[in-house]
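Notes follow once the structure below has been shown.
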Amino acid sequence: MKEKGTKILLTLLGILWMQVTWVIGQQPEQNPQSMSIQEGKNFTISCNSSSTLTSLLWYRQEPGKQPVLLMILVKSKEIKSQGKFIAQFDEQRKHSFLHIKASQPQDSATYLCASR
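Letter by letter, the sequence shown follows residues -25 to -1, 1 to 91 of mature numbering (1 follows the signal peptide of the UniProt record, and there is no 0).
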């Protein structure tokens, strides 16, 4: 019984809280706005725009800190990878995705996308 309680506790400790926020100008379609992820799982955040995007930026903001730039995407169909983060930009479809592989508790943050 103690082992089952430990597994449940570890699962709860591994849950991540994510929030996607659109930060510059657009009326975004955010999916999802917030999420809980079990430790070790992959997840995807998307940002969509109603107007044409010429470039897209992804930021990560930890609680109580300033946002930190993860990636800038400037070409349509561009895919960039940085460690566990993979971002994709589709100018024609007016959207971008941020994929995060093998989530860990330290990935808990607010992820922001912005356009210019």
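Note that beta-carbon positions come from the ideal geometry of N, C-alpha and C, so glycine has one too. Remember, it's a predicted structure, so these values are computed and weren't measured experimentally.
Spatial distance of residue i from residue j (CA atoms)
i       : j     : result
Ile(-2) : Ser90 : Note that Ile(-2) scores 43 on pLDDT, short of 50, meaning its location in the model is unreliable and no value can be drawn from it.
Thr19   : Ser71 : 10 Å
Asn23   : Glu53 : 15 Å
Gln63   : Met10 : 20 Å
Ile75   : Gln41 : 20 Å
Inter-residue CB distance, residue i and residue j (contact presumed, cutoff 8 Å)
i     : j     : result
Leu44 : Lys55 : Not confirmed; about 12 Å, so no contact.
Leu73 : Gln36 : About 13 Å; that fails the 8 Å criterion.
Reference residue i, options the options, closest by Cα
i     : options                       : result
Ser51 : Leu31, Met10 and Lys76        : Leu31
Ser82 : Ser26, Gly58 and Glu53        : A small fix is needed here, since residue 82 is Asp in this sequence, not Ser. The shortest C-alpha separation from Asp82 is found at Gly58.
Glu66 : Thr29, Gly39, Pro42 and Ala84 : Thr29
Ser26 : Tyr34, Lys69, Lys76 and Ser11 : Lys69
Contact with chain D by residue i, beta-carbon distance below 9 Å
i     : result
Ser30 : The structure shown has no chain D; it contains just one protein chain.
Per DSSP, the bridge partner or partners of residue i
i     : result
Gln79 : Note: Gln79 sits in no beta bridge, so no partner.
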